[in-house]
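Chemist:
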Amino acid sequence: MEALTLSSVHLNVGNVLPHSSRSSNEDTKAHTTHALDTWTQMQVKDRMFWMKGFKPNKKGGLIFLDEDALKKQQGVFKEVMMQVGSQLLSGKLAVRISLPIRIFEPRTLLERVADGWNYAPTLLKKAALSSDPVERMKYAITFIAGGFHFCVGQLKPFNPILGETYQAAYADGTQIFMEHVSHHPVKSAFTLNGPKGLYQLTGIYEFESVTSRNSIINHQVGSAKIIFHDGQVITYTVPQIKMSGILFGERVVELVGIAKFVDTANQLVGEVNFEANNSFLMKSTAEDIKGFIGHAKKSSKHPISTLQGSWLTHLQFDNKVYWHVESEPVFQHIPVSNPLPSDCRFREDLLALKNGDPVLAQSEKLRLEEIQRTDKKWRDAFLESKGRKSKH
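If you read the sequence shown in the UniProt record's numbering, its first letter stands for residue 1, the second for the next number, and so on.
(1) In angstroms with no decimal places, state the Cα-to-Cα distance between ARG347 and GLY294.
(2) Quick check on GLU240: buried or exposed, where buried means 16 or more other Cβ atoms within 10 Å of its Cβ?
(3) Pop quiz: ALA265 and THR237 are said to be a contact at Cβ under 8 Å. What is the actual Cβ separation, rounded to whole angstroms?
(4) Label LYS365 either buried or exposed according to how many other C-beta atoms from any shown protein chain fall within 10 Å of its C-beta, with 16 as the threshold for buried.
(5) Can at least three beta-carbon pairs, one atom from the segment 97–111 and one from the segment 141–152, be found at a separation below 8 Å?
(6) On the CB-based measure, 16 or more other CB atoms within 10 Å of its CB, does PRO341 come out buried or exposed?
(7) Span of the beta strand (DSSP E) holding ILE227?
(8) How should PHE382 be labelled, buried or exposed, when 16 other C-beta atoms within 10 angstroms of its C-beta is the threshold for buried?
(9) Is it buried or exposed, PHE248, if we count other Cβ atoms within 10 angstroms and call 16 or more buried?
(10) In angstroms with no decimal places, state the Cα-to-Cα distance between PHE274 and SER310.
(11) Please identify the residue among ARG367, HIS314, LYS125, GLU111 whose C-alpha is closest to the C-alpha of PRO195.
(12) On the criterion of 16 or more Cβ atoms from any shown chain inside 10 Å, does LYS301 qualify as buried, or is it exposed?
(13) Taking 9 Å as the CB-CB cut-off, is SER337 touching chain C?
(14) I need the DSSP call for TRP378, collapsed to helix, strand or coil.
(15) Give the DSSP-derived three-state secondary structure of HIS184 in the structure shown.
(16) Spatial neighbours of CYS344 within its chain, please: C-beta separation below 6 Å, excluding the five flanking residues on both sides.
(17) Along the alpha helix (DSSP H) that carries PHE143, what are the first and last residues, could you check?
(18) Note down the Cα distance separating MET282 from PHE317, rounded to an integer number of angstroms.
(19) The beta strand (DSSP E) with ASP318 in it runs from where to where?
(20) Assess, as a yes-or-no matter, whether the segment 193–209 is touched by the segment 361–376 under the definition of 3 or more beta carbon pairs within less than 8 Å.
(21) Using the three-state DSSP reduction, which class does HIS149 fall into: helix, strand or coil?
(22) Alpha carbon to alpha carbon, how far is ARG102 from GLY60? Give it in angstroms, no decimals.
(23) Less than 9 Å separating the beta-carbons of ILE289 and VAL269?
(24) Indicate the three-state DSSP secondary structure (helix, strand or coil) for THR235 in the structure shown.
(25) Report the rounded CA-to-CA distance for LYS389 versus ILE161, giving the unit in angstroms.
(26) Can you find the residues in the same chain that come closer than 6 Å, C-beta to C-beta, to LEU307, ignoring five residues on each side of it along the sequence?
(27) Looking at LEU198: is its Cβ nearer than 9 Å to the Cβ of ALA128?
This is the structure:
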């Protein structure tokens, strides 16, 4: 397994909660309370900003409203389908296809993935400050499930280049380190370090996309883990994101599948079913979710706690609300001012698109893709001469 190489890099950010040696829960709680008034001012004012360009779908998920972007994207997908046809059914091919610049946003996939952690300064911190393993898992589940709506966007982010990095931080001092560590298969590594050593979220995801006649399913394959300051570890997987209407009809995005959470030391498991209410016998909505936390051996037959709600609006355990989209403070990750030269924000194609020059952006995108292909040929040839095979 590839190792994330950025762990020793220090971010030069004005942390409201300064770094120091790990302290007790009591000290951390006192320090956090003292800092609240300061960093609360850095919250996102419009907590529903992510809904701009969308509307709730009566049958579940979200409907994209940008008709111009929709027409461009549907035209592109039709062209691609005609070129590669049935090969698109391969999950690994779908994320490698070179697409025209007109369907992209001036950000990379690394930044889009980081969007899902925007509740770290609140929900993940609440998990860390709790000494109850069950309560901690509740907040960990809420942090993951509640953050997915930040990852929805109509424009496509740029695929990362091998070796590309991203460094950012949240207002409370939480630090983000990301690196694209493999291109074949497509893999990115990440580490999220909480203030004062409260928690660390780390993992490697392999990105797969499977396309059918009029939909595409994106999946982050692999597991991540949250390591808390007292040694408790929660490992988890995430659901799939399904987008319908890529060729015709309304563009709808929804979450499908099951997310699993495991705390081996405390013999706890948790499951969140994002298709829990789908049934031929009842009218249901795909954003309705159900889940549970239970003992590993007894599982769902004898749950300790039950979950219900929506990844778009709210989540509650045992009728107690743990997250509501309109009231939970939101923070966005802020790129650091002194990143590595490999930072994704230095990409020429991304900069050209951000500066309003799509022609130059397309040219630079093709140039970078050709450099990456040439680099792979040289790397493969070198490794072959040594009797080895490339993993990237």
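Where is the CB? At the ideal position from N, CA and C, for every residue including glycine.
Modeler: The answer reads as follows:
(1) For ARG347 and GLY294, the gap between their C-alpha atoms comes out near 46 Å.
(2) This sequence places Gln at residue 240; Glu is not what is there. The residue is buried, with at least 16 neighbouring Cβ atoms inside 10 Å.
(3) Actually they do not touch by this definition, with Cβ atoms about 18 Å apart.
(4) Here LYS365 is buried. Its C-beta has 16 or more other C-beta atoms within 10 Å.
(5) Result no; under three Cβ-Cβ pairs closer than 8 Å.
(6) When all chains shown are included, PRO341 counts as exposed.
(7) Per DSSP, the unbroken beta strand (DSSP E) holding ILE227 starts and ends at 224–228.
(8) Residue burial annotation: PHE382 is exposed, with fewer than 16 other C-beta atoms found within 10 angstroms of its C-beta.
(9) The residue in question, PHE248, is exposed, as its Cβ has fewer than 16 Cβ neighbours within 10 Å.
(10) Just so you know, the alpha carbons of PHE274 and SER310 end up roughly 9 Å apart.
(11) It is LYS125 whose Cα lies nearest to the Cα of PRO195.
(12) By the 10 Å Cβ count, LYS301 comes out exposed.
(13) No chain C appears in this structure, which consists of one protein chain only.
(14) It is helical.
(15) It is coil, neither helix nor strand.
(16) Counting only Cβ-Cβ distances below 6 Å, and skipping sequence neighbours, we find THR108, LEU110, GLU164, TYR166.
(17) Run containing PHE143: 133–146, per the alpha helix (DSSP H) assignment.
(18) Caution applies to MET282, whose pLDDT of 46 falls short of 50 and renders its modelled position unreliable; the model cannot decide the point.
(19) Per DSSP, ASP318 belongs to no beta strand (DSSP E) and is neither H nor E.
(20) Contact between the segment 361–376 and the segment 193–209 is absent: fewer than 3 CB-CB pairs across the two stretches fall below 8 Å.
(21) Helix at HIS149.
(22) Between GLY60 and ARG102, the C-alpha separation is close to 28 Å.
(23) Against a cut-off of 9 Å, the Cβ pair of VAL269 and ILE289 comes out as no contact.
(24) Three-state result, THR235: strand.
(25) Straight across, the Cα-Cα distance linking LYS389 with ILE161 is about 20 Å.
(26) Cβ neighbours of LEU307 beyond the five flanking positions: GLY291, PHE317.
(27) In contact: LEU198 and ALA128 (Cβ atoms closer than 9 Å).
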